[in-house]
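Taking it in order: structure first as structure tokens, then the write-up.
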Amino acid sequence: GLTFAPDSQAVYFVLSGPNNPVGALYRVSALGGAVTKLLTGIISPVAAAPDGQRLAFIRLTERGEGNSLVVADVTGGNERIVLTRSGLERFGQAGPGWSPDGKEVACQILSGMTKTSDEVWRAVGVDIQSGAQRLLTTQQWDGCGRMAWLRDGRGLVLVGTKLGES
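Take 1 as the starting number for the sequence shown in our numbering and just add one per residue.
Below is the structure:
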């Protein structure tokens, strides 16, 4: 997962591999140079807050029974779990998207299974202060990728396949 800082001065990226499926987050200047390791245990690309001071990402829970939406400073400090999901309702690994006003993070959430064992994904917004979750659309998806808000906050762009249209 690759993410540019809002000021385009830095690039954040998560590295993982077949022998290490849980990744580590790194930062490098957009012009190149030294790479700084910031965090470990990340399973999604990060989203940078519009103010450039915070990052949002998905991390597995300690026992691996679920995952959490986490917010941290761009230095990797002051981590805070915003919301945890487990079982059939868990966050997707495609990466969150931060709203332009900095108050909400859009995420993919697995919300169940169909009778044919297909996963059902939804797009939700999570308030980063309270952890309150709201549906951003009633559309259900077979697959739902990384999300990005429109600059005016009135819409969301995502890559997905509508449920039943694969």
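From the three backbone atoms N, C-alpha and C, an ideal C-beta is built for every residue, glycine too. Since this is a predicted model, take the numbers as computed values, not measurements.
Along the beta strand (DSSP E) that carries residue i, what are the first and last residues, could you check?
i      : result
LEU156 : 156 to 162
PHE255 : Coverage of the chain is limited to positions 1 through 166, which leaves residue 255 absent and any answer about it impossible.
ARG85  : 80 to 86
ASP73  : 66 to 73
PHE91  : Where PHE91 is concerned, there is no enclosing beta strand (DSSP E), given that its DSSP letter is neither H nor E.
VAL124 : 119 to 127
Using a threshold of 7 Å, state whether the C-beta atoms of residue i and residue j are closer than that.
i      : j      : result
PRO50  : PRO100 : yes
GLY76  : LEU38  : yes
VAL82  : ILE43  : no
PRO30  : GLN9   : Correcting the residue identity first, residue 30 is Ala in this sequence and not Pro. Yes. Within cutoff.
GLN140 : LEU158 : no
So, at 8 Å on beta carbons, what are the nonlocal neighbours of residue i in its own chain, with the 5 sequence-adjacent residues on each side left out?
i     : result
THR61 : ASN67, SER68, THR84 and SER86
LEU15 : GLY23, ALA24 and TYR26
Kindly list the residues whose CB is nearer than 7 Å to the CB of residue i, restricted to its own chain and excluding five residues on each side of it in sequence; keep chain order.
i      : result
GLU79  : VAL70 and ALA72
GLY143 : TRP121, GLY160 and THR161
Residues bridged to residue i by DSSP?
i     : result
LYS37 : TYR26
*Taking 8 Å as the threshold, find out whether the stretch 90 to 106 comes into contact with the stretch 142 to 156 through three or more Cβ pairs.*
yes
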